[in-house]
Each structure stands twice: as C-alpha cells, then as structure tokens.
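**Q**
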Amino acid sequence: MVDDGVQEVVVDNLSAEEWLSRAQGLVPVAIEKAREVKGFPGRWKMIIEKLDQIPSRLSDFSCHPCFSKNALCIEQLLGVLKTLNKAIELADLCVKLKYEGKLQMQSDLDALLGNLDLNLRDCGLLIKTKVLGEVTLPLTAGSTSTEPEAASLGNVRELLARLQIGHLEAKHRSLDNLVKVMKEDEKSLLAVLGRTNIAALVQLLTATSPRIREKTVTVICSLVESGNYENWLVSEGVLPPLIRLVEFGSAVSKEKATISLQRLSISSETAHLIVGHGGVGPLVEICRTGDSVSQAAAACTLKNISSVPEVRQTLAEEGIIKVMINLLDCGILLGSKEYAAECLQNLTSTNDNLRRSLIEEGGIRSLLAYLDGPLPQESAVGTLRNLVGFISNEVFISLGIVQRLVQVLKSGSLISQQAAASAICRICSLTEMKKLVGETGCIPLLVRMLEAKANDAREVAAQAISSLMTYSCNRREVKRDDKSVPNLVALLDPSPQNTAKKYAVSCLSLLSSSKKCKKLMISYGAIGYLKKLNEMEIPGAEKLIERLERGKLKSLFSK
Numbered sequence: 130m131v132d133d134g135v136q137e138v139v140v141d142n143l144s145a146e147e148w149l150s151r152a153q154g155l156v157p158v159a160i161e162k163a164r165e166v167k168g169f170p171g172r173w174k175m176i177i178e179k180l181d182q183i184p185s186r187l188s189d190f191s192c193h194p195c196f197s198k199n200a201l202c203i204e205q206l207l208g209v210l211k212t213l214n215k216a217i218e219l220a221d222l223c224v225k226l227k228y229e230g231k232l233q234m235q236s237d238l239d240a241l242l243g244n245l246d247l248n249l250r251d252c253g254l255l256i257k258t259k260v261l262g263e264v265t266l267p268l269t270a271g272s273t274s275t276e277p278e279a280a281s282l283g284n285v286r287e288l289l290a291r292l293q294i295g296h297l298e299a300k301h302r303s304l305d306n307l308v309k310v311m312k313e314d315e316k317s318l319l320a321v322l323g324r325t326n327i328a329a330l331v332q333l334l335t336a337t338s339p340r341i342r343e344k345t346v347t348v349i350c351s352l353v354e355s356g357n358y359e360n361w362l363v364s365e366g367v368l369p370p371l372i373r374l375v376e377f378g379s380a381v382s383k384e385k386a387t388i389s390l391q392r393l394s395i396s397s398e399t400a401h402l403i404v405g406h407g408g409v410g411p412l413v414e415i416c417r418t419g420d421s422v423s424q425a426a427a428a429c430t431l432k433n434i435s436s437v438p439e440v441r442q443t444l445a446e447e448g449i450i451k452v453m454i455n456l457l458d459c460g461i462l463l464g465s466k467e468y469a470a471e472c473l474q475n476l477t478s479t480n481d482n483l484r485r486s487l488i489e490e491g492g493i494r495s496l497l498a499y500l501d502g503p504l505p506q507e508s509a510v511g512t513l514r515n516l517v518g519f520i521s522n523e524v525f526i527s528l529g530i531v532q533r534l535v536q537v538l539k540s541g542s543l544i545s546q547q548a549a550a551s552a553i554c555r556i557c558s559l560t561e562m563k564k565l566v567g568e569t570g571c572i573p574l575l576v577r578m579l580e581a582k583a584n585d586a587r588e589v590a591a592q593a594i595s596s597l598m599t600y601s602c603n604r605r606e607v608k609r610d611d612k613s614v615p616n617l618v619a620l621l622d623p624s625p626q627n628t629a630k631k632y633a634v635s636c637l638s639l640l641s642s643s644k645k646c647k648k649l650m651i652s653y654g655a656i657g658y659l660k661k662l663n664e665m666e667i668p669g670a671e672k673l674i675e676r677l678e679r680g681k682l683k684s685l686f687s688k
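Going by this note's numbering, the sequence shown opens with residue 130, and the numbers climb by one from there.
1) In whole angstroms, give me the CA-to-CA distance for Ala509 and Ile388.
2) So, with DSSP's three-state summary, where would you put Glu165?
3) For Glu467, which of Thr443, Gln547, Thr430 has the nearest alpha-carbon?
4) Specify, as a first and last residue, the run of the alpha helix (DSSP H) that Leu516 falls within.
5) Quick check on DSSP: helix, strand or coil for Thr275?
6) Taking only three categories from DSSP, how would you classify Cys192?
7) Taking 8 Å as the limit between beta carbons, can you name the residues of its chain near Cys472, skipping five residues before and five after?
8) Which residues mark the beginning and the end of the alpha helix (DSSP H) in which Tyr632 is found?
9) How close, in whole Å, do the beta carbons of Ala629 and Glu588 come, if the pair is a contact with beta carbons under 8 Å?
10) What span of residues does the alpha helix (DSSP H) with Ile395 cover, start to end?
11) Give the DSSP-derived three-state secondary structure of Glu146 in the structure shown.
12) Looking only at its chain, what residues have a beta carbon closer than 6 Å to the beta carbon of Leu180, apart from the 5 residues adjacent to it on each side?
13) Which residues in the same chain have their Cβ closer than 7 Å to the Cβ of Asp237, if we skip the five residues on either side of it in sequence?
14) In angstroms, rounded to a whole number, what distance separates the CA positions of Leu621 and Arg577?
15) Taking Lys451 as the reference, give the member of Arg485, Leu639, Asp420 with the closest Cα.
16) Would you call the segment 244-253 in contact with the segment 180-193, where contact means no fewer than 3 C-beta pairs closer than 8 Å?
17) Taking all protein chains shown into account, do 16 or more other C-beta atoms lie within 10 angstroms of the C-beta of Lys647, making it buried, or fewer, making it exposed?
18) Less than 7 Å between C-beta atoms, sequence neighbours within five positions excluded: which residues of the same chain meet that for Tyr745?
19) Just mark Gln626 as buried or exposed, buried being the case when its beta carbon has 16 or more other beta carbons within 10 Å.
20) Please state whether DSSP places Gly419 in a helix, a strand or coil.
21) Let me check understanding here. Comparing Cα to Cα, which of Pro339, Ser624, Leu617 lies closest to Gly654?
22) How would you call Ile556, buried or exposed, if buried means at least 16 neighbouring beta carbons within 10 angstroms?
23) For Gly168, which residues in the same chain have their Cβ closer than 6 Å to its Cβ, ignoring the five residues on either side in sequence?
24) Alpha carbon to alpha carbon, what distance is there between Leu288 and Thr399?
25) Closer than 8 Å is the cut-off here; do at least three beta carbon pairs connect the segment 539-548 with the segment 517-528?
26) Can you list, in chain order, the residues of its chain whose CB lies under 6 Å from that of Gly492, leaving out five sequence neighbours each side?
27) Buried or exposed for Lys563, please, with buried defined as at least 16 other CB atoms from any protein chain shown within 10 angstroms of its CB.
28) Under the assumption that Ile341 contacts Leu368 (Cβ atoms under 8 Å), give the Cβ distance between them as a whole number of angstroms.
29) Using three-state DSSP, classify Val224 as helix, strand or coil.
30) Would you identify the three-state DSSP class for Thr479, choosing helix, strand or coil?
31) Would you decide whether Pro370 is buried or exposed? Buried here means 16 or more other CB atoms lie within 10 Å of its CB.
32) Using a Cβ-Cβ cut-off of 8 Å (strictly less than) and excluding sequence neighbours within five positions of Ile674, which residues of its own chain qualify?
33) Is Ser236 close to chain B? Criterion is C-beta to C-beta, closer than 9 Å.
34) If I follow the unbroken alpha helix (DSSP H) through His301, where does it start and stop?
35) What span of residues does the alpha helix (DSSP H) with Asp458 cover, start to end?
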C-alpha cells in the first residue's frame, strides 16, 4: 500500500484526522499546480480528473466508524499524501521544463496515473468490502484476558485485508505472513476468511510475479484441502488460473495447483468445468512428465473426471488410455498406479471404443501385471470385467485371465472378490467359456461367497453360479459341494434387501433333478420360502415348489 519511504512519515505520530486534514489541504494545491502545466496535455487532463475525485473519496472514507482507530486508514492516507506530493513535484518539473527527457516524464506521469487509480480504488475497497469493519481494533490498556485471542484474529483479518489493497510488493509481504499463519495457526485464518478474501487470492494467481503466484497457490491449496471453500473458489474463477499454473508454473506451483484440482474435481460439476477450461491436456502431460506427487495428483484428478460419462471421449482424444496404461506399468508412486486402474475402469464402463482402444494399446497385460502387485485389485478386475465380450477366447486362454480371476476369489478383498465374480459371470455368458471357467476350481469359492455379509457379493456369486450351472459338468460340481444347497436356500429369504433370491431359485431349480438335493432343500425349509417368493411372482418359484412337493409326497407314500 505504501513503501518504506512513506512509512517513515509515521514518526510524526499524527492521528487519522490530522493525516486526513493534511491530505484534504494538499489536493487543491496539486490541482492548481497541474493546471499550470502546458506540456503533455492529455496526461495532465486525466491526472486532474482523478485528483478531482479524491476529496469525495476521502470524505466517504473518513465517515467510517472505524476510521480514527484503524491502522489501515492511516496507511491509506499516507499513500494518498505521497501521490499528491509526487503530482506537485512532477507539475513543477513540467512547468519549469526541468525534466530529464520527454520519454522519462511520460513514464513518470503514467506511473502517477497508476498510483492515483490505486489510491481511489483502495479507498473504495476499504469501504465497499467492509475491510475496515473486519479488522479488529488494537488492544487498549484495559484489555481483558480474552482479548489477546481477538487481537490475533484481528492480525489475520488485517493480513487478508492487505491482499485486496495496495501495491503488488505490499501484497507479496502480506502473502509471506499469510503462509506463516497457515503453517502455525490455520484455524485462525479459516475462522475469519470471507468471500472477498477468496476473490483477492484468486486474482493474485494471475500476478506477473512468479513468486507471488507460487505463494498464492500454496495458500489456496491449503484452503482447498480444508474442504470448506470449494464453492467460493470455483465461483470466483479459480479453475482457469490453476490450469495455467499446471501448464506453465514453477515446480512448486504445478504441484500445488494439481493437488488443488484433485480435490476440486471430486464434484462432477467442477470436473465438467475443468474439461471446459482445457484442463485435460495439461493434466495428461503431468502424468507423462511430472514428479511423483504431481503425477499422482494429476492421475487422481483425471480419475475423478473420468467418472463423468459425457467427457470420456474428450479424455480419449487427449491420449488418456495410453497414458494410464503407462502409469500402470511405470507410475512413480503406488497411488499413481491405483488411480490409473480406477480411471481405466471408469473409461471402459460404457464406451465400446475405449474398450477396444485399451485392448489395442496392450492394456490387458498391464492390468494382469497390476493384479500381481500389492495394490487393491478391484479396479483392475473391474476393468477386465468391462472388456469381456471384446477379448477373444484365445486371449482368455493364452493370458490365463480366468485363472487370475480365480486367484482373486481365493485371496482378494471382499470388494475385489465381488468384482472377480462379476467378471466370471460375464465370461460365462459366452457359452464356449463355461467349461474352461468351471475347470479352474472357482465353483467352491463362489459357493463360499454366498455366505458373505454384503448383499451385493452374495448376488453376484449366485448369478455366476447360475450361469455356470447351465453346463452339466459345472452342475455336478455344485451338487458335490456340501455347502451349495444350504447357502442357496438361505438366499430364498423374501426380504426386499435380498436381491440374490431370483438367482438362488434358478440354481436350486437346476439342482432339483437330484433326489439328494431335493431332500436337502426341503429339510432346510425351501418350500416355505418359495411360497412367499411365488406370491411375489419371482420367476421359477412356482415350478420349484411343485417339484419339491412331489418329492415330499413320494417320500410320505414310500414310508
């Protein structure tokens, strides 16, 4: 706001009213001197117009209730006084024709116009944005024990106020202090932060100084990670400058901007905006060339964006498939590989072209290699599931894909087991693959999954078993498992939460040709469940009841 030269005047220790009186007295002197100048008429005309605005702006400024008690007011008046003195000095030089050169004087007059604009703008901002009211007053001699905390908050408010007013270098110093506050007492900052402060920070992201941009994006990154200001930041236009920093910023700026986008892209609406502002290309490039932290953050951001179906084709056009396959193979951090697997699962969930592209780029081998690593397997398994129908039987066999899925059923987490069972179910939709799948030993594993607590896991296991059982050899394998009938009967539970019941009916119907299985079904209470399911019009329930009841009658007559 004022440089060190003006700060020295403060030793006079005048009140705000006294500084105001000095400024008001100096305005007519500056205007009179300016009107005497004959040279540079265009510039001096603009200077006079701006000088004429100062009295009314000072009058509005001085009417604020906090005017006489706020350090910012005095600093603003000192800035106005310095500008007025400079105007008088330049006017004298022009009148006496004692300036060094025409070009130098033109430059000095342009700088004077800039300072006048700044003074007028800052006086208005201090009032319009309620900065003066936000800044806590200095402690008095009679302070209570609770006031030091208020003073601390007041210091933070003042730092935030200084981001909106004054010269760039003054804002730079304020940013330095703000970064310290973020490290030492982030809660104090978050307690007083307002929307106008957010807007001021966003504007500083486009400052000409790389140092200011770097420090500003550091503060913004912390705000984003706090989880409280995403909407304000986006509405104040933070996305375009963040994307430009990802593309052209320093290493620190790239990292902080990418981390900020990672958090902001969780919202599908914001993910759309990132794509609309051209953010995909810079993020893809970070995945190719960035350092470890930036690469992981960019991969996560693209993963978030890929969850929006409408933008997947745009991602593909930027070469994201190949980049994500490369991350699966060579990601610097394990997190980068995990995000890449999740991104590929999203990309291949609905788009046939992207499925084919992944296969053509050699992605299957990378997915299988990923399954051999230490990371969560569900996304890679889910991606393989999405590719069923686009992979030839020969590839299934030569790469041992089914065997890998069975291995996940044996030792993976419940979520990855569920994804593997779903993939197996899709593979079994290919008639010629049912024999191969059954021979891998997956049936006992699927039967055990019927006991899972998660309803989704039980449903997908029952669906896979139902599909496998249409092949006779697999049906015999299910019959041989002692757990199959009890587990399937348990899935006849008619409650709405049980979505596996229709598959359980299908499986039990295929087993009902066996006398042993029918007896087990009856003994475990299948008939009672089926009658309720029949009332619910579950397909196959009525026919299965008839079969079981015939077997029950024959058993009674034989006795």
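Here a beta-carbon is modelled for each residue, glycine too, at the ideal position from N, C-alpha and C.
Here the structure is a predicted model, which is why all the values come from computation and not from measurement.
**A** According to the structure data:
1) 24 Å
2) Shown here, Glu165 sits in a helix according to DSSP, grouped into three states.
3) Ranking the options by Cα distance to Glu467, first place goes to Thr430.
4) 507-516
5) Below a pLDDT of 50, predicted positions are generally treated as unreliable, and Thr275, at 36, falls in that range; the measurement from the model is reported next regardless. If DSSP states are grouped into helix, strand and coil, Thr275 belongs with coil.
6) Collapsing the DSSP output to three states places Cys192 in coil.
7) Ala428, Leu431, Lys432, Ser435, Ile449, Met453
8) 630-640
9) The beta carbons of Ala629 and Glu588 sit about 4 Å from each other, so the pair counts as a contact at 8 Å.
10) First-last for Ile395: undefined, no H or E at that position.
11) helix
12) Ala159, Ile160
13) Leu219
14) Those two C-alpha atoms are separated by around 16 Å.
15) Of the candidates Arg485, Leu639, Asp420, the residue whose Cα lies closest to the Cα of Lys451 is Arg485.
16) yes
17) buried
18) Any property of residue 745 remains undetermined from this structure, which presents the chain solely from 130 to 688.
19) Gln626 is exposed by the Cβ-count criterion.
20) Residue state, collapsed to three classes: coil.
21) Leu617
22) buried
23) Cys223
24) 29 Å
25) no
26) The beta carbon of Gly492 sits closer than 6 Å to the beta carbons of Ile454 from its chain, once the five residues preceding and following it are set aside; these are given in chain order.
27) Buried, because 16 or more other Cβ atoms sit within 10 Å of the Cβ of Lys563.
28) About 19 Å separates the two Cβ atoms, so there is no contact after all.
29) helix
30) coil
31) Burial call: buried.
32) Cβ within range, chain order: Ile656, Leu659, Lys660, Asn663.
33) Absence of chain B from the displayed structure is noted, only one protein chain being present.
34) 297-313
35) 449-459
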